[in-house]
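Only one structure is covered here, and it is reproduced in the block below.
Numbering (my numbering), first residue to last: 78 to 284.
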């Protein structure tokens, strides 16, 4: 007996898959979900395989005592889409991948709900401003990268907001200490070199 599938049923399924794509960030959302403990899983050439074939779908992994769950979307064996990590059902990490590379904005949260980090990637490279936070909401670390992924500035702050260390980097990767410089003030190489020369005749300020 041949069963006919109505247009309404097919249309409803298409709408459901479309919603899942928006929520999960990739076509893997309409595919199968497998457990990280599945014995058919292997890795070859940087791709996740299921029974020897590149996997497309969601990989579910229980971390530690099982209270932390990582859901990673794959397409043709590569991470692709929105990865989430939940601890006790609370979202603690959200990352985006494009064909196996980190891309877009990545975020993490402390147990109290405050931001833990905000990072931006372009095809696997850090770009722009990157922030890591203390659990009280104060910035812990700030880094700035060029559009090409080169580190330009790095600063570390105490929980009180007081600056702890500050460095600027040249195109060649050389670092120059910039004690006490402000987060939002751009740092030129000329200023960095001047402050480095001044620091040669000054003792480090005790922390």
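We put the beta carbon where it would ideally sit given N, CA and C, even for glycine.
When rounded, the separation of the alpha-carbon atoms in residue 168 and residue 134 is 20 angstroms. Judged by DSSP secondary structure, residue 169 falls within the beta strand (DSSP E) whose first and last residues are 167-175. In chain order, 132, 151, 154 place their CB closer than 6 angstroms to the CB of residue 125, counting only its own chain and leaving out the 5 sequence neighbours on each side. Annotation: residue 132 is outside any beta strand (DSSP E) and is labelled neither H nor E by DSSP. Setting aside the 5 residues that flank it on each side, residue 218 is surrounded in the same chain by 209, 233, each with a C-beta closer than 6 angstroms to its C-beta; the list follows chain order. The secondary-structure analysis by DSSP pairs residue 125 across a beta bridge with 120.
Within the DSSP secondary-structure output, residue 239 pairs in no beta bridge. An exposed status is given to residue 200, since fewer than 16 other beta-carbon atoms sit within 10 Å of its beta-carbon.
The criterion of a C-beta distance shorter than 8 angstroms is not satisfied by residue 222 and residue 195.
Sorting 122, 140, 129 by C-alpha distance to the C-alpha of residue 114 places 140 at the top.
As far as DSSP is concerned, residue 115 takes part in no beta bridge. Of the candidates 241, 228, 235, 228 places its Cα closest to the Cα of residue 250.
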